[in-house]
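Just so we're aligned, residue 331 is where the sequence shown starts under this note's numbering, counting upward by one. In this text, a Cβ means the ideal position worked out from N, Cα and C, and glycines have one as well. Reviewing the structure listed below.
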Amino acid sequence: MVVIRKGKDEDWQDIARFCSENYRTVYKGMSSPEYIERVIEAFYTEEPLRKELQTTDKSFHGYWLAEDDGRVLGCIGGGVDEENKAQVYVFYVDLTAQRKGIGHVLLETMTDFQKETYACSEQWVAAAKGNPIGIPFYEKEGFVFHHEAPSWFDASQGISCHFRRDI
331 MVVIRKGKDE DWQDIARFCS ENYRTVYKGM SSPEYIERVI EAFYTEEPLR KELQTTDKSF
391 HGYWLAEDDG RVLGCIGGGV DEENKAQVYV FYVDLTAQRK GIGHVLLETM TDFQKETYAC
451 SEQWVAAAKG NPIGIPFYEK EGFVFHHEAP SWFDASQGIS CHFRRDI
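Take a look at the structure:
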């Protein structure tokens, strides 16, 4: 049975492994291997993950995990920006677990938290232009394309498509 729960400090290794593996899978062929490893080093290693898991900051309020018998099947993380817009910053569902409702429940769980805790009325997400998994999912969940912008982590590495929805 799949359980959705808030990530804890001791989950950092599972989150690191899961997000790194999925980032490599999703962005293979879309970004250079060097760029992929730079992103993983910046976000999915012990120091940044422990910091994010321990924070109670509005700008990043942690991760939620979908697990089945201790195996991570999905991970979502987000925050709220200075304009009180809810943000989805990281979101992966294991390829073997997609199209089973796990992504929907993860997104719904974090969205409910953002609405109840911060009274957000809109939510934003960015996906790499051409992302064949993320973009169709977000559109199915009610996000509407808003604009394109250079990749925020490294503008030389492509275009991000930004989507929003009312929540």
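The C-beta separation of E452 from A416 comes to about 7 Å, placing the pair in contact by the 8 Å criterion.
Judged by their CB atoms, G404 and L436 are nearer to each other than the 8 Å cut-off.
Counting C-beta pairs closer than 8 Å gives fewer than three between the segment 486 to 494 and the segment 438 to 447, which falls short of the contact rule.
The C-alpha of Q343 is placed about 11 Å away from the C-alpha of E377. Sequence-distant Cβ neighbours of I370 in its own chain, meaning closer than 7 Å and more than five residues away, are S350 and Y353. If you ignore the 5 residues before and after S389, its C-beta comes within less than 6 Å of the C-beta of G409, all in its own chain and listed in chain order.
Taking C-beta separations shorter than 8 Å and ignoring five residues to either side along the sequence, the partners of D387 in its chain run G409, following chain order.
Take the alpha-carbon of S486 and the one of N461: they are about 17 Å apart. In terms of Cβ geometry, A346 and Y374 form a close pair [threshold 8 Å]. In the displayed model, E412 falls within coil according to three-state DSSP, outside both helix and strand. Distance check between D341 and each of E478, Q384, F443 and S362 places Q384 closest, using alpha-carbon atoms only. Taking Y393 as the centre and dropping the five residues before and after it, the same chain places the C-beta of K336, G337, D341, I345, E382, L383, C405, I406, G407 and V420 closer than 8 Å to its C-beta, in chain order. D424 counts as buried, since at least 16 other C-beta atoms from the protein chains shown sit within 10 angstroms of its C-beta. Look at Q417 here: in three-state DSSP terms it is strand.
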